[in-house]
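Asks:
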Amino acid sequence: MRAARVMRLEGPDAIEVSEIDEPSGDGVVVDVYAAGVAFPDALLSRGLYQYGVVRSAPADSHVRPGDRVTGLTMIGGGMAETAILDPGRVFKLPDNVSFEAGAGLLFNDLTVFFALSIRGRLQAGETVLVHGAAGGIGTSTLRIAPVLGASRTIAVVGNADKAEIATAAGATDVVLADGFKDAVKELTDGRGVDIVMDPVGGDRFTDSLRSLAPAGRLLVVGFTGGEIPTVKVNRLLLNNIDVVGVGWGAWGLTHPGALEEQWTELEQLLASGRLPAPEPEVYPLDEAAAAVASLENRTAKGKVVVRVRG
399 MRAARVMRLE GPDAIEVSEI DEPSGDGVVV DVYAAGVAFP DALLSRGLYQ YGVVRSAPAD
459 SHVRPGDRVT GLTMIGGGMA ETAILDPGRV FKLPDNVSFE AGAGLLFNDL TVFFALSIRG
519 RLQAGETVLV HGAAGGIGTS TLRIAPVLGA SRTIAVVGNA DKAEIATAAG ATDVVLADGF
579 KDAVKELTDG RGVDIVMDPV GGDRFTDSLR SLAPAGRLLV VGFTGGEIPT VKVNRLLLNN
639 IDVVGVGWGA WGLTHPGALE EQWTELEQLL ASGRLPAPEP EVYPLDEAAA AVASLENRTA
699 KGKVVVRVRG
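Under the working numbering, the first residue of the sequence shown carries the number 399, and numbering increases by one thereafter.
(1) Spatial neighbours of D592 within its chain, please: C-beta separation below 6 angstroms, excluding the five flanking residues on both sides.
(2) Which one of F505, R517, N506, V555 has the shortest CA to CA distance from L527?
(3) Residues bridged to M595 by DSSP?
(4) Where in the region 610–673 do unbroken runs of the alpha helix (DSSP H), each at least 4 residues long, occur, reported from the N-terminal end onward?
(5) Quick check on E658: buried or exposed, where buried means 16 or more other Cβ atoms within 10 Å of its Cβ?
(6) DSSP three-state label for D571, please.
(7) Nearest-angstrom Cα distance between I626 and R672?
(8) Where does M595 land, buried or exposed, given buried means 16+ other C-beta within 10 angstroms?
(9) Y447 by DSSP, collapsed to three states: which one?
(10) Report the option in V582, D587, S515 whose CA atom is closest to the CA atom of H529.
(11) In three-state DSSP terms, what is G518?
(12) Alpha carbon to alpha carbon, how far is L574 from S422? Give it in angstroms, no decimals.
(13) Using 10 angstroms around the beta-carbon of K630, count the other beta-carbons present and answer buried if the total reaches 16, otherwise exposed.
(14) Cutting at 6 angstroms between CB atoms, please list the residues of its own chain near N695, excluding the five before and the five after it.
(15) Contact check, V510 vs S538 under 8 angstroms by CB: the rounded distance?
(16) Starting from S705, follow its DSSP beta bridges and name the residues at the other end.
(17) Tell me the DSSP bridge mates of K490?
(18) Please check the pair I639 and L617, which I expect to be a contact at CB under 8 angstroms, by giving their CB distance rounded to whole angstroms.
(19) Would DSSP call S692 helix, strand or coil?
(20) Please classify V461: does DSSP put it in a helix, a strand, or coil?
(21) Please report how far the alpha carbon of A698 lies from the alpha carbon of E679, in whole angstroms.
(22) Check each candidate in A401, D424, D419 and name the one with the smallest Cα separation from I413.
(23) For A669, which residues in the same chain have their Cβ closer than 7 angstroms to its Cβ, ignoring the five residues on either side in sequence?
(24) Assign R705 to one of two classes, buried (16 or more other C-beta atoms within 10 Å of its C-beta) or exposed (fewer than that).
(25) Cutting at 6 angstroms between CB atoms, please list the residues of its own chain near G620, excluding the five before and the five after it.
(26) Which class does T480 belong to by DSSP, given the choice of helix, strand or coil?
(27) Between which residues of its own chain and Q521 is the CB-CB distance below 8 angstroms, once the five residues before and five after are set aside?
(28) When you compare only the Cα positions, how much space is there between P410 and A689?
(29) Can you say whether I418 is buried or exposed, counting buried as having 16 or more other CB atoms within 10 angstroms of its CB?
(30) What residue does the alpha helix (DSSP H) around S416 start on, and which one ends it?
(31) Below 7 angstroms CB to CB, which residues in the same chain sit around G518 once its five sequence neighbours on both sides are set aside?
The following block contains the structure:
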């Protein structure tokens with residue numbers, strides 16, 4: 399089979415596509431049609447998850463040969479024509495969601511769904527601000543937050559081109575990262591926002607805290623900005639605000655059945671049309687290195703997906 403592999407530990411440029419033996423072992427064997435790309439791939443230079451059609455499955459599995467599915471490998475093995483997945487990490491894909499769109503939603507959408515509903519305790523009518531709004535987590539937040547009850551979504555982006563992406567994803571308002579705190583203060587008449595989704599970290603962290611309304615929550619999702627920020631806890635006291643860690647993968651490992659429960663709710667939203675499927679930026683398999691590099695160099699427009707078949 400053809401697969402994208404890391405040939406040297408030198409980042410995305412070391413990813414090459416070559417012929418290798420198909421994987422063997424127990425589990426659900428999936429013929430992969432599209433593979434999602436996430437920022438950890440840029441850090442680890444390996445595939446994270448994939449989407450396709452079941453070739454074979456254990457007799458007691460909830461999926462059958464021919465089922466369209468979405469699934470998680472968690473660490474590598476995703477950007478290949480065939481993959482073997484743990485049955486607990488394979489989920490049926492709604493018929494109204496394409497493989498490419500499916501590859502753009504599982505990791506990001508489940509992360510955002512978990513962040514907003516479980517860790518962020520999003521309530522109806524609240525305002526959500528999201529950093530990196532033109533990226534995968536950002537556009538997923540802009541799609542999902544209104545469905546979960548948010549009345550306003552404020553997108554923080556780096557430039558005007560990315561503002562267009564955030565607007566297309568459903569942002570109520572768009573502000574530039576440079577000076578976002580003052581812009582948010584003006585947009586909210588000085589009150590601030592209820593939730594900040596932060597997959598970026600870095601030097602904007604303190605201003606994110608200052609942008610929270612009383613009892614607001616800052617959700618720490620990742621550090622694509624490179625620097626891991628610190629917080630002076632007296633800031634939390636002054637306005638009764640929370641800094642909340644969002645470790646979706648860790649939660650799944652310590653809460654059996656959590657992934658299935660989250661996917662059941664998300665699948666219903668997708669199948670009903672209440673939650674629109676993403677429209678990812680799609681690369682062919684031969685350009686897997688460029689797909690991963692686009693996240694590292696911040697040129698990615700929304701969610702990035704590699705088309706493996708078809």
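Cβ atoms here follow ideal geometry from the backbone N, Cα and C, with glycine treated the same way.
Replies: Considering the structure as presented:
(1) Walking along the sequence shown from the start, residue 592 turns up at place 194. Cβ within range, chain order: E524, T525, A611, G614.
(2) In the sequence shown, counting from the first residue as 1, residue 527 sits at position 129. That would be V555, whose Cα lies nearest to the Cα of L527.
(3) Within the sequence shown, the letter at position 197 stands for residue 595. Answer by DSSP bridge pairing, in chain order: V528, L617.
(4) 632–637, 646–652, 656–670
(5) Here residue 658 is taken as the residue at index 260 of the sequence shown, counted from 1. Classification for E658: exposed.
(6) Within the sequence shown, residue 571 is the residue found at index 173, counting from 1. Residue state, collapsed to three classes: strand.
(7) Within the sequence shown, the letter at position 228 stands for residue 626. Within the sequence shown, the letter at position 274 stands for residue 672. Approximately 36 angstroms, taken between the alpha carbons.
(8) By 1-based counting over the sequence shown, the position of residue 595 is 197. With 16 or more Cβ atoms within 10 Å of its Cβ, M595 is classed as buried.
(9) Stepping through the sequence shown from its first residue, residue 447 is reached at position 49. Because the pLDDT at Y447 is just 37, under 50, the model does not fix this residue reliably, and the value given afterwards should be weighed accordingly. Looking at Y447 - three-state DSSP - the assignment turns out to be strand.
(10) By 1-based counting over the sequence shown, the position of residue 529 is 131. Nearest option by C-alpha distance: V582.
(11) Taking the sequence shown and counting its residues from 1, one reaches residue 518 at position 120. Coil.
(12) The residue you call residue 422 lines up with position 24 of the sequence shown. The residue you call residue 574 lines up with position 176 of the sequence shown. Their Cα atoms are separated by approximately 48 angstroms.
(13) As a first step, residue 630 must be located in the sequence shown, where it is residue number 232. By the neighbour-count rule (16 or more Cβ atoms within 10 Å), K630 is not buried but exposed.
(14) In the sequence shown, counting from the first residue as 1, residue 695 sits at position 297. Around N695: no qualifying Cβ.
(15) Translated into the one-based positions of the sequence shown, residue 510 becomes position 112. Translated into the one-based positions of the sequence shown, residue 538 becomes position 140. That pair is a contact at about 4 angstroms.
(16) Locating residue 705 in the sequence shown gives position 307, counting from the first residue. Note that residue 705 is Arg in the sequence shown here, rather than Ser. DSSP output for R705 lists A432, P682 as bridge partner(s).
(17) Position 92 of the sequence shown holds residue 490. The partner list for K490 (beta bridge, DSSP) reads V467.
(18) Taking the sequence shown and counting its residues from 1, the one referred to as residue 639 is at position 241. Taking the sequence shown and counting its residues from 1, the one referred to as residue 617 is at position 219. About 12 angstroms; that fails the 8 angstroms criterion.
(19) Stepping through the sequence shown from its first residue, residue 692 is reached at position 294. Correct three-state label for S692: helix.
(20) Walking along the sequence shown from the start, residue 461 turns up at place 63. In the structure shown, V461 sits in coil (DSSP, three-state: anything other than H, G, I, E or B).
(21) Along the sequence shown, one-based indexing puts residue 698 at 300. Along the sequence shown, one-based indexing puts residue 679 at 281. A698 and E679: Cα-Cα distance of roughly 8 angstroms.
(22) Stepping through the sequence shown from its first residue, residue 413 is reached at position 15. For the residues A401, D424, D419, the minimum Cα distance to I413 belongs to A401.
(23) Taking the sequence shown and counting its residues from 1, one reaches residue 669 at position 271. The answer, listed in chain order, is P492, N494.
(24) For the purposes of this step, residue 705 is identified with residue 307 of the sequence shown, where counting begins at 1. Classification for R705: buried.
(25) Counting from one through the sequence shown, the residue named residue 620 turns up at place 222. Answer for G620: P597, listed in chain order.
(26) For the purposes of this step, residue 480 is taken as the residue at position 82 of the sequence shown. Looking at T480 - three-state DSSP - the assignment turns out to be strand.
(27) As a working mapping, residue 521 is identified with position 123 in the sequence shown. Same-chain partners within the cutoff: G547, D592.
(28) One-based indexing of the sequence shown puts residue 410 at position 12. One-based indexing of the sequence shown puts residue 689 at position 291. C-alpha separation (whole angstroms): 8 angstroms.
(29) Within the sequence shown, residue 418 is the residue found at index 20, counting from 1. So I418 ends up on the exposed side.
(30) Here residue 416 corresponds to residue number 18 of the sequence shown, with the count starting at 1. Looking at the DSSP string, S416 is not in any alpha helix (DSSP H); the run it does join, the beta strand (DSSP E), is 413–417.
(31) Position 120 of the sequence shown holds residue 518. The residues are I593, R615, L617, V642.
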